[in-house]
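These protein sequence lines map, in sequence, to chains E and Y.
This note's numbering puts the first residue of the first sequence at 2, with every later residue one more than the last.
This note's numbering puts the first residue of the second sequence at 148, with every later residue one more than the last.
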Amino acid sequence: MLKQAWQRWLDRRLPRARQVQLDQRRIFIFPTGYGFLYLLVSVLLFFGGINYENNLILGLCFLMVSLFLVAILHTFRNLSGLSLRAGASRSGFVGGQGSVEVVLIAQRRPHRALWLRWLDQPAQEISVEPGEESALWLNLPLSRRGRTRPPRLRVESRYPLGLLRSWSLVALDQVCLAWPRPQESQDCPADGGDRERQVASAGQSGSEEFQGLRGYVPGDSLGQVDWKGYARGRGLNVKLFEEPASGRLWLRYDRIEGVPVERRLSILCFWVLRLSRENRPFALVLPGAELPPGQGEEQRLRALNLLARHGEAD
Amino acid sequence: MARIYQIPSHARGWLTLAIIAASLPQLWGGPLWQAGLLAVVLAWRALMDRQRLVLPGRVMRLVLLVATVGATFYSFGRLHGPEAGTALITSLFALKYLELVSKRDAYVLIVLGYFVCATILLFHRGPAMALYVIGCLILLTASLAGINYSDTHAHRRQHLTVAAVMVLQALPLAIALFVLVPRIAPLWNMQLDSGQARTGMSDSMSPGQVSRLTESSELAFRVQFEGQPPPPRERYWRGLTYSYFDGTTWRQASPPGWDRAQRFYDGRGPMPDWYQALLNAAVDRTGYRYRVIMEPSRQRWLYALAVPFTDFDGTALARDFRLVADGPVNGAFSYRVRSVDVTGAVPALSDAERRLMLDLPEQGNGEARALAQRWRQRHRDDRALVEAALRYFREQPFFYTLEPPRIAGDTVDEFLFGTRRGFCEHYASSFTFLMRAAGVPARVVAGYQGGEMNAGEYLQVRQYDAHAWSEVWLPGQGWVQVDPTAAVAPERIELGLRGAFEQAADGAAGEFDGLNRLPVLFQLQQWADYVDFNWQKWVLGYRQQSQRDLLERLLGAVTPLRVGLALLTVVLVFSVVLGLLVLSRRRDTPVSPLEREFARLHRSLSQRGLRAPDTLSAAQLEAAVTRRWPSAAGAAGHWRRLFEHLAYRDRGTPGTADLAALRRRRRAVLASLASPRRAK
Chain E
2 MLKQAWQRWL
12 DRRLPRARQV
22 QLDQRRIFIF
32 PTGYGFLYLL
42 VSVLLFFGGI
52 NYENNLILGL
62 CFLMVSLFLV
72 AILHTFRNLS
82 GLSLRAGASR
92 SGFVGGQGSV
102 EVVLIAQRRP
112 HRALWLRWLD
122 QPAQEISVEP
132 GEESALWLNL
142 PLSRRGRTRP
152 PRLRVESRYP
162 LGLLRSWSLV
172 ALDQVCLAWP
182 RPQESQDCPA
192 DGGDRERQVA
202 SAGQSGSEEF
212 QGLRGYVPGD
222 SLGQVDWKGY
232 ARGRGLNVKL
242 FEEPASGRLW
252 LRYDRIEGVP
262 VERRLSILCF
272 WVLRLSRENR
282 PFALVLPGAE
292 LPPGQGEEQR
302 LRALNLLARH
312 GEAD
Chain Y
148 MARIYQIPSH
158 ARGWLTLAII
168 AASLPQLWGG
178 PLWQAGLLAV
188 VLAWRALMDR
198 QRLVLPGRVM
208 RLVLLVATVG
218 ATFYSFGRLH
228 GPEAGTALIT
238 SLFALKYLEL
248 VSKRDAYVLI
258 VLGYFVCATI
268 LLFHRGPAMA
278 LYVIGCLILL
288 TASLAGINYS
298 DTHAHRRQHL
308 TVAAVMVLQA
318 LPLAIALFVL
328 VPRIAPLWNM
338 QLDSGQARTG
348 MSDSMSPGQV
358 SRLTESSELA
368 FRVQFEGQPP
378 PPRERYWRGL
388 TYSYFDGTTW
398 RQASPPGWDR
408 AQRFYDGRGP
418 MPDWYQALLN
428 AAVDRTGYRY
438 RVIMEPSRQR
448 WLYALAVPFT
458 DFDGTALARD
468 FRLVADGPVN
478 GAFSYRVRSV
488 DVTGAVPALS
498 DAERRLMLDL
508 PEQGNGEARA
518 LAQRWRQRHR
528 DDRALVEAAL
538 RYFREQPFFY
548 TLEPPRIAGD
558 TVDEFLFGTR
568 RGFCEHYASS
578 FTFLMRAAGV
588 PARVVAGYQG
598 GEMNAGEYLQ
608 VRQYDAHAWS
618 EVWLPGQGWV
628 QVDPTAAVAP
638 ERIELGLRGA
648 FEQAADGAAG
658 EFDGLNRLPV
668 LFQLQQWADY
678 VDFNWQKWVL
688 GYRQQSQRDL
698 LERLLGAVTP
708 LRVGLALLTV
718 VLVFSVVLGL
728 LVLSRRRDTP
738 VSPLEREFAR
748 LHRSLSQRGL
758 RAPDTLSAAQ
768 LEAAVTRRWP
778 SAAGAAGHWR
788 RLFEHLAYRD
798 RGTPGTADLA
808 ALRRRRRAVL
818 ASLASPRRAK
């Protein structure tokens, strides 16, 4: 109850955004345990100064208290003005981890010894000098398939004196995609292709005719790169094969029956990975979505993302 | 075993320096093993940081701890009390550095360091030491900043800068708190008894005791007069009276059976009649008003001119016209006094008092008693008898000297008829003896006489101004001060001890000669004392009373509400001002004079209607101006060329002359906009 109210209040006060600049509305500040120890010592000095009627000890006590007040401002200042921007994200399988990139931008002043963490993950430390940007990848455990929003990011700093902790809970409008967890299945849920060949070993089999070379484009499968030619200095090229129509596999959602949705997606995911590993062309047909035939790294990512997004409202 | 926390290498130096600096004052005067311990710890730690040695094991650490506690007990004879406690804390502080294994330990070590700084101030209270402690504070804060910045490429100096800036920013508020936070009376009594003997008056007087004090030029107290100070020969600072003589030594005494109210009045309870009488006599006389700032004497008696009246802020008036503090003066102590010479106002001597003031040992010093009897037979009148005694001292060959020969046995006879060379205590003692032997009630008064003005502002009274004189009771006149030393050596009273020996060119005055030959040194000493005086008065002596006085002047009246509001206001104003300063944006982006020039021109142009973003280059700005105001093309080109020249030449930042030229060209651009025709 209380937690929910707190979350609601946070959402109102610090709404999700692509980029957030920390200011007094977003920064909280409180003494650390050492801060309290420090204050305790100054209180002891106060009583010592009173009892020994020693004005210098009293003066030292007052100086310590003022230093603490000054430290509040400086600790606040270390966070204030820092901008955080949602960066790229890396997807992962359910049960594993994805990661998202957070870019820290220091505009006018340095922001030192910042600790970034969410949930109960170990914090990462980073410093940003004025006019600089630094990026940090933060791991995000993925528990459900689909688009996962990272929780609020805790940006914390104790710099300069460690007597106070200033922090902010930043919600960046950022998404990490969770692919279904692959599940092994003997039966390939596919149309077309050659049943007998589906589980054949990887590599270019004799049934494919070598057609020629074309220039490498990022995303091409590394298995098809003409490495020999590259070693001879002919540049990075990709070998093209004429695909027999029968070699193309149409992975179909509706070929799997009698299992729940997530299970189906997991099986499809397994085959997408397997076919990609074997470097074979495939296509994917889901209800309401279709991926045309293709192969290579790009095809694999597209297929996985499609699987991850299956059933989403948008 | 968990990984040992490593202090970042850029912070290690500051921490080591802070530890040395915070321990140094204690090591300086403390036992030698403490310095040894610190050296061992620092060396061990340095080797550990270079992976040459491992952390001492638990047994080793325990042995070190027990050895430290044992050594402290051996050196000081106890573990409690300020001196032993400070030594122990300083040693434990060093040991803690050795067993620093986690970041938590580092924090605890540094916070302990702040405490060690405070213990320095228990024993050293000079302005220089206060500055030194602020330095230690900066070092500790720099270490704190260092351990909070674990980046390996941090610069060492940046921590010190951060710490120094923060401490300097904290100073104004600390001063305001110092002034405003109410001083309360000690919650429980803590005696800072260091066992150190202080030079100064003692509660008894035997031959040679006062003259020993003259070897010391230590300060006894300072006096600041409101208005004209009394002439030197009237500056008799009473400290105590001695009424009991045992043949060699004079001691303090009061008639048997007297209770406290008969001897003291501290402002509480009904006024005793003797105080009432003094007050009545003093009520319509001005006297002298002044403030006395005592040096720690570890004694309760205070010094003032007779008869001192105070508002009883920690002091009480004794029946023999002297002030007594409520407790020993261990720290800086100051009090305001109004002195009015009304010694005669005391009602007649009681029998018990008269008996005490006439009391002499049963026997001994027969020659002196005989002399007193002869005087008594010749002079019936007490006043004449006193005159005769003074004449005797003046006319017989008595010498005033700092190095009187040792006397033993019948000290009065020895001195009066034997050596005849003596210091003030010899004269006061023998004079009082003679008076009592002749039947005149008398007592010895001890204190200081004279004092030197510094900078025309205050009087310094030093140990060598120590003096003893006599007081006799004359019927109808009450207690009358008689100084037999003045009869022998009037220059002592007129010129002070230094003056007296300068004139006499006595060999004993070597110390003073040395000072006089170097007037610069003497002047420096006076300045140092002036600083010290104000430090004593405004910092160390800022107590309940002086705080009330100052706050009354600042706030009008001292009520808890006003003081609270003032405190709140000060803290708020400080936070806002400092917040603006620290968080202001302008300070974060340093603007060069050239950029400022550019921004000024850009602002003036946009006020005149030029729409252009402020990210333009100088050439783009010129083009924009030329497009809008063709007449200003020439001036704008002029401006642009100089701007670019100054901005891109590699002879560093432009000087003031360059900037002035640029400013003129900027004005020319603006002028050519305003009156296009004339510009043509």
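No residue lacks a Cβ here, since even glycine has one placed at the ideal position from N, Cα and C.
Between residue i and residue j, which are expected to be in contact by the criterion C-beta below 8 angstroms, what is the C-beta distance as a whole number of angstroms?
i, j, result
"Gly478 of chain Y", "Leu687 of chain Y", "7 angstroms"
"Tyr39 of chain E", "Val258 of chain Y", "5 angstroms"
"Leu57 of chain E", "Ala277 of chain Y", "6 angstroms"
"Leu61 of chain E", "Leu46 of chain E", "6 angstroms"
"Met441 of chain Y", "Ser481 of chain Y", "7 angstroms"
Tell me where the beta strand (DSSP E) around residue i begins and ends.
i, result
"Tyr689 of chain Y", "That residue, Tyr689 of chain Y, is in no beta strand (DSSP E); it is neither H nor E in DSSP."
"Cys177 of chain E", "Cys177 to Trp180"
"Thr388 of chain Y", "Tyr383 to Tyr389"
"Ser90 of chain E", "Leu83 to Arg91"
"Ala593 of chain Y", "Ala589 to Gln596"
"Trp682 of chain Y", "Per DSSP, Trp682 of chain Y belongs to no beta strand (DSSP E) and is neither H nor E."
"Asn280 of chain E", "No beta strand (DSSP E) holds Asn280 of chain E; DSSP gives it neither H nor E."
What's the C-alpha gap between residue i and residue j?
i, j, result
"Arg310 of chain E", "Gly99 of chain E", "15 angstroms"
"Leu714 of chain Y", "Trp626 of chain Y", "51 angstroms"
"Val613 of chain Y", "Phe411 of chain Y", "The amino acid occupying residue 613 of chain Y in the given sequence is Ala; Val does not appear at that position. So the alpha carbons of these two residues sit roughly 24 angstroms apart."
"Glu362 of chain Y", "Glu550 of chain Y", "11 angstroms"
"Glu561 of chain Y", "His573 of chain Y", "10 angstroms"
"Arg517 of chain Y", "Gly511 of chain Y", "Before going further, note that residue 517 of chain Y is Ala rather than Arg in the sequence given. Using only the alpha carbons, I get a separation of about 11 angstroms."
"Met680 of chain Y", "Gly273 of chain Y", "The sequence given here has Phe at residue 680 of chain Y, not Met. Cα to Cα, Phe680 of chain Y sits roughly 10 angstroms from Gly273 of chain Y."
"Leu1 of chain E", "Ile106 of chain E", "This structure leaves residue 1 of chain E out entirely; chain E is present only between 2 and 315."
"Trp10 of chain E", "Ala124 of chain E", "25 angstroms"
"Asp12 of chain E", "Gln173 of chain Y", "56 angstroms"
"Leu662 of chain Y", "Leu315 of chain Y", "Confidence at Leu662 of chain Y is low in this model, with a pLDDT of 47, below 50, so its placement is unreliable and the value that follows should be read with caution. Approximately 39 angstroms, taken between the alpha carbons."
"Glu658 of chain Y", "Ala531 of chain Y", "Reliability of the predicted coordinates at Glu658 of chain Y is poor, the pLDDT of 44 falling under 50, and the value obtained from them is presented with this limitation in mind. Answer to the nearest angstrom: the Cα atoms are 40 angstroms apart."
"Trp384 of chain Y", "Gln520 of chain Y", "32 angstroms"
"Pro376 of chain Y", "Glu599 of chain Y", "11 angstroms"
"Trp776 of chain Y", "Ala766 of chain Y", "15 angstroms"
"Gly94 of chain Y", "Tyr437 of chain Y", "The structure shown does not extend to residue 94 of chain Y, since chain Y is modelled only from 148 to 827, so the question has no answer here."
"Ala759 of chain Y", "Ile30 of chain E", "41 angstroms"
Within the present structure, is the beta-carbon of residue i separated from the nearest heavy atom of the ligand MG by less than 8 angstroms?
i, result
"Ile127 of chain E", "The ligand MG is not among the ligands present in this structure, which contains no ligands whatsoever."
If you follow the alpha helix (DSSP H) that residue i is in, where does it begin and where does it stop?
i, result
"Trp776 of chain Y", "No alpha helix (DSSP H) holds Trp776 of chain Y; DSSP gives it neither H nor E."
"His300 of chain Y", "Element bounds for His300 of chain Y: n/a, residue is neither H nor E."
"Phe721 of chain Y", "Pro707 to Leu730"
"Gly183 of chain Y", "Leu179 to Asp196"
"Val129 of chain E", "Careful: Val129 of chain E lies outside any alpha helix (DSSP H), inside the beta strand (DSSP E) at Gln125 to Val129."
"Tyr482 of chain Y", "Element bounds for Tyr482 of chain Y: not the alpha helix (DSSP H) but the beta strand (DSSP E), Phe480 to Ser486."
"His749 of chain Y", "Pro740 to Gln754"
State yes or no: is the C-beta of residue i within less than 9 angstroms of the C-beta of residue j?
i, j, result
"Ser722 of chain Y", "Leu74 of chain E", "yes"
"Leu496 of chain Y", "Gly586 of chain Y", "no"
"Leu68 of chain E", "Leu162 of chain E", "yes"
"Leu115 of chain E", "Tyr35 of chain E", "no"
"Arg159 of chain Y", "Gly293 of chain Y", "yes"
"Gly461 of chain Y", "Gly594 of chain Y", "no"
"Ala172 of chain E", "Leu154 of chain E", "yes"
"Gly28 of chain E", "Ser81 of chain E", "First, the amino acid is wrong: residue 28 of chain E is Ile here, not Gly. Yes, they are a contact pair."
"Ala233 of chain Y", "Arg192 of chain Y", "Reading off the sequence shown, one finds Thr at residue 233 of chain Y, where the question assumed Ala. No."
"Ala807 of chain Y", "Leu741 of chain Y", "no"
| query | Of the residues that make up the region 33-44 of chain E, which ones have a beta carbon closer than 7 angstroms to any beta carbon in chain Y? | reply | Tyr35, Leu38, Tyr39 and Val42
| task | Below 7 angstroms between beta carbons is the criterion; list the residues of the region 147-173 of chain E that meet it against any residue of chain Y, in chain order. | result | Arg159, Tyr160, Pro161, Leu162 and Gly163
| said: Along the region 252-283 of chain E, where does the CB come closer than 7 angstroms to a CB of chain Y? Name the residues. | reply: none
| task | Please name the residues in the region 73-85 of chain E whose beta-carbon is closer than 9 angstroms to at least one beta-carbon of chain Y, in chain order. | result | Ile73, Leu74, His75, Phe77, Arg78, Ser81 and Gly82
| task | Could you run through the region 243-274 of chain Y and flag, in chain order, every residue whose CB is less than 7 angstroms away from some CB of chain E? | result | Tyr254, Val258, Tyr261, Phe262, Cys264, Ala265, Leu268, Leu269 and Arg272
| At a Cβ cut of 7 angstroms, what residues of the region 97-123 of chain E count as close to chain Y, listed as they run along the chain? | Arg109, Arg110, Arg113 and Ala114
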